[in-house]
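Below you'll find the structure, written out as structure tokens, and then a few comments.
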Amino acid sequence: MAFISLEGIDGAGKTTHLEWLADYLRARGVVATVTREPGGTELGEALRALLLNRSMQVDTEALLMFAARSEHIAQVIRPALERGEWVISDRYSDASFAYQCGGRGIAEARVQTLETWVQQGLQPDLTLLFDVEVPVAQQRVRNHVSLDRFEQEQADFFERVRTMYLRRAQQFPQRFRVVRTDRSLTAIREEIAGFVERLLIST
Ligand code: TYD
């Protein structure tokens, strides 16, 4: 088993590659649970609806993200890993550092405390960070029918989110791999396949 998280600013193209990655792994005989944050459980999806649509204090936002994550870990992630399955999560706690600390300005020490409390050391084996310049991502997001509370943020917010993601990739080079998405689909897929190969060999 292995735990993979996918990260990136809104419009970086992460979701497009998630389904492809799941199909690729299943074709290799892997049993994979595909899930997302915030969400992934009934309560988590209810919290997601609040988080994406209702205005709230930044601390409330951070706490609800981790409340949803707590349910997600207990009900979905740990049980799947214990069954020997792979878990592919569309976002995990790096998103809290990037969005709540980088974007909203919450002190990293606070989110660190929540992470230690809620995750008890559970980190992905591999984090794919889909990276692209903010104006390119914003152009992609503008094609969406309606924009959620995060997608409505301005360019400077996403610059801070992106900077924090890239900083974390530098800080945790063992599990992070940065995938530039301003390239052909074939080139991106080849790169992702190369990154998961290491996990396929070791499991
Ligand atoms: P996203 O994953 O982009 O879903 P979709 O592709 O369906 O829009 O939406 C989730 C939003 O939640 C995204 O804007 C980032 C935000 N988010 C945080 O701010 N903190 C977190 O810890 C997580 C998991 C997500």
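If you count by the working numbering, then the sequence shown holds residues 1 to 203, one letter each, in order.
A virtual CB, placed ideally from N, CA and C, is assigned to each residue, including glycine.
Residue j beta carbon less than 8 Å from that of residue i
i    : j    : result
Y165 : L129 : yes
I188 : I88  : no
A68  : R54  : no
L25  : E71  : no
L6   : R140 : no
G84  : T163 : no
R175 : L126 : yes
Assigned secondary structure, residue i (DSSP; H/G/I helix, E/B strand, else coil)
i    : result
D156 : helix
L47  : helix
S5   : strand
V34  : strand
F195 : helix
D148 : coil
S89  : strand
T186 : helix
T181 : coil
Close-in-space but distant-in-sequence residues of the same chain around residue i (CB under 6 Å, 5 per side omitted)
i    : result
W86  : M1, A2, V30, A32
E211 : Residue 211 is absent from the structure shown; the chain starts at 1 and stops at 203.
Burial state of residue i (16 or more Cβ within 10 Å)
i    : result
P135 : exposed
L18  : buried
D23  : exposed
S184 : exposed
D156 : exposed
Endpoints, alpha helix (DSSP H) assigned at residue i
i    : result
V118 : 108-119
L122 : Neither: L122 is in no alpha helix (DSSP H) and is coded neither H nor E.
V76  : Per DSSP, V76 belongs to no alpha helix (DSSP H) and is neither H nor E.
V136 : 134-141
D23  : 14-27
Cutoff 8 Å; reference residue i; Cβ partners in own chain excluding five residues on either side
i    : result
L147 : V141
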